[in-house]
Amino acid sequence: MLLAAAAPVGAQNIYKCTQGGQIAYTDHPCPHGSGELLHQADDTEVIDRYLRLGQDELAKRYADSRHLEALYQQRLDARQQAMDEKAQRDADDAYAAQQRAEEARQQSLSDQAAERDRLHAENEALRQQNADYQNQLSQPVYNAPPVYWGPPPYRDRHRDRDRDDDHDHHPPSSDEPIFHPCKQLAGGRTQC
Numbered sequence: 001m002l003l004a005a006a007a008p009v010g011a012q013n014i015y016k017c018t019q020g021g022q023i024a025y026t027d028h029p030c031p032h033g034s035g036e037l038l039h040q041a042d043d044t045e046v047i048d049r050y051l052r053l054g055q056d057e058l059a060k061r062y063a064d065s066r067h068l069e070a071l072y073q074q075r076l077d078a079r080q081q082a083m084d085e086k087a088q089r090d091a092d093d094a095y096a097a098q099q100r101a102e103e104a105r106q107q108s109l110s111d112q113a114a115e116r117d118r119l120h121a122e123n124e125a126l127r128q129q130n131a132d133y134q135n136q137l138s139q140p141v142y143n144a145p146p147v148y149w150g151p152p153p154y155r156d157r158h159r160d161r162d163r164d165d166d167h168d169h170h171p172p173s174s175d176e177p178i179f180h181p182c183k184q185l186a187g188g189r190t191q192c
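The numbering of the sequence shown is full-length UniProt numbering, which starts it at 1 and goes up by one.
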């Protein structure tokens, strides 16, 4: 008898009650029978509600008392299938999250390796540049003679007037490089 009284309360019946000119919607009958039943839960809803709340024993007793064993088994199977599908979705989501995390980790490792390779190549280029620079510093310095070391750019005008036969004669210039002793200074400078 207690089960029969409890079933309609758990069945989510919906009542429209009017009290003092105000309308209220409830899941239990209105006091003094002054309301109307808008929705009466069927047996499927009642069994589903018990199963959803984890009250499998109450759902079984409700179904047995109304000779709804087949409906109970159907709802129990549907609930089990829904739980299995949810578990599968959760497992798929967890696997996808794990895959994304692994891909992110692999990408991070790849980025680190690329950065390491880039820095290594840059370091090697700088070492080569430094070696070339050191090699240049160890070579003797050739200083081309300034322009004023050659014959004078002007001619002695007084002498040219006296001797006209000599005006296109210049002393022979040397094509040999002139080396001067130089010493290395700080900052890569040289002093000759």
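No residue lacks a Cβ here, since even glycine has one placed at the ideal position from N, Cα and C.
Item to complete: Work out the CA separation of Gly187 and Ser138 for me, nearest whole Å.
Response: Counting from 1 along the sequence shown, the entry for residue 138 is found at position 138. Counting from 1 along the sequence shown, the entry for residue 187 is found at position 187. Looking at the two C-alpha atoms, the distance is approximately 14 angstroms.
| Cβ contact check for the region 12 to 24 and the region 34 to 41: 3 or more pairs under 8 angstroms | Yes: the two stretches touch, three or more of their Cβ pairs being nearer than 8 angstroms.
By the three-class DSSP mapping on this structure, what secondary structure does Gln139 have?
As a first step, residue 139 is located in the sequence shown; it is residue number 139 there, counting from the start. Secondary structure of Gln139 (DSSP, three-state): coil.
- prompt: Between Ala114 and Leu53, what straight-line distance do the alpha-carbon atoms span, to the nearest angstrom?
  reply: Stepping through the sequence shown from its first residue, residue 114 is reached at position 114. Stepping through the sequence shown from its first residue, residue 53 is reached at position 53. Distance between the alpha carbons of Ala114 and Leu53 is about 55 angstroms.
- For Arg89, is the classification buried or exposed, using 16 other Cβ atoms within 10 angstroms of its Cβ as the cut-off for buried? Start at 1 with the first residue of the sequence shown, and residue 89 comes out as number 89. Per the 10 Å Cβ criterion, exposed.
Worksheet item: Do you know offhand how far Arg118's Cα is from Ala78's?
Response: On the sequence shown, position 118 is the one that residue 118 refers to. On the sequence shown, position 78 is the one that residue 78 refers to. Separation of Arg118 and Ala78 (C-alpha to C-alpha, rounded to the nearest whole angstrom) is 59 angstroms.
| message | Taking the alpha carbon of Gly20 as the reference point, which residue from Gly35, His28 and Asp27 has its own alpha carbon closest? | response | Walking along the sequence shown from the start, residue 20 turns up at place 20. Looking from the CA of Gly20, the closest CA among Gly35, His28 and Asp27 belongs to Gly35.
Endpoints, beta strand (DSSP E) assigned at Ala24
On the sequence shown, position 24 is the one that residue 24 refers to. Per DSSP, the continuous beta strand (DSSP E) segment holding Ala24 begins and ends at Gln22 to Thr26.
**Message:** Let's see if you can read the secondary structure: which residues bound the alpha helix (DSSP H) around Leu37?
**Reply:** For the purposes of this step, residue 37 is identified with residue 37 of the sequence shown, where counting begins at 1. Counting along the chain, Leu37 sits inside no alpha helix (DSSP H); it lies in the beta strand (DSSP E) bounded by residues Glu36 to His39.
Inset, instruction - Within 10 angstroms of the Cβ of Lys183, are there 16 or more other Cβ atoms? Answer buried if so, exposed if not. - result: Your numbering for residue 183 matches position 183 in the sequence shown. Within 10 angstroms of the beta-carbon of Lys183 lie fewer than 16 other beta-carbons, which makes it exposed.
Below 8 angstroms on the Cβ atoms is my contact criterion, and I expect Leu51 with Ala59 to pass it. Report the Cβ-Cβ distance as a whole number of Å. The count along the sequence shown starts at 1 and reaches residue 51 at position 51. The count along the sequence shown starts at 1 and reaches residue 59 at position 59. So it is a contact: roughly 5 angstroms between Cβ atoms.
Applying the 10 Å Cβ sphere with the 16-neighbour rule, what's the burial state of Arg75?
On the sequence shown, residue 75 is found 75 positions in, with the first residue counted as 1. With 16 or more Cβ atoms within 10 Å of its Cβ, Arg75 is classed as buried.
Next item on the list: Can you give me the start and stop residues for the alpha helix (DSSP H) that Asp64 sits inside?
Entry: Along the sequence shown, read from residue 1 onward, the residue named residue 64 stands at position 64. Boundaries of the alpha helix (DSSP H) around Asp64: Asp56 to Ser65.
request  = Return yes when the C-beta of Leu53 is under 8 angstroms from any heavy atom of the ligand GDP, and no when it is not.
outcome  = Looking at this structure, you won't find the ligand GDP or any other ligand, since it has none at all.
Practice task
State the start and end residues of the unbroken beta strand (DSSP E) segment that holds Cys17.
Solution key: Counting from one through the sequence shown, the residue named residue 17 turns up at place 17. Annotation: the continuous beta strand (DSSP E) that includes Cys17 extends over Ile14 to Gln19.
Going straight from the alpha carbon of Tyr25 to that of Arg49, what length do you get? If you number the sequence shown from 1, residue 25 lands on position 25. If you number the sequence shown from 1, residue 49 lands on position 49. For Tyr25 and Arg49, the gap between their C-alpha atoms comes out near 20 angstroms.
Would you give the residue range spanned by the alpha helix (DSSP H) that Arg52 belongs to?
-> Counting from 1 along the sequence shown, the entry for residue 52 is found at position 52. First-last of the alpha helix (DSSP H) with Arg52: Asp43 to Arg52.
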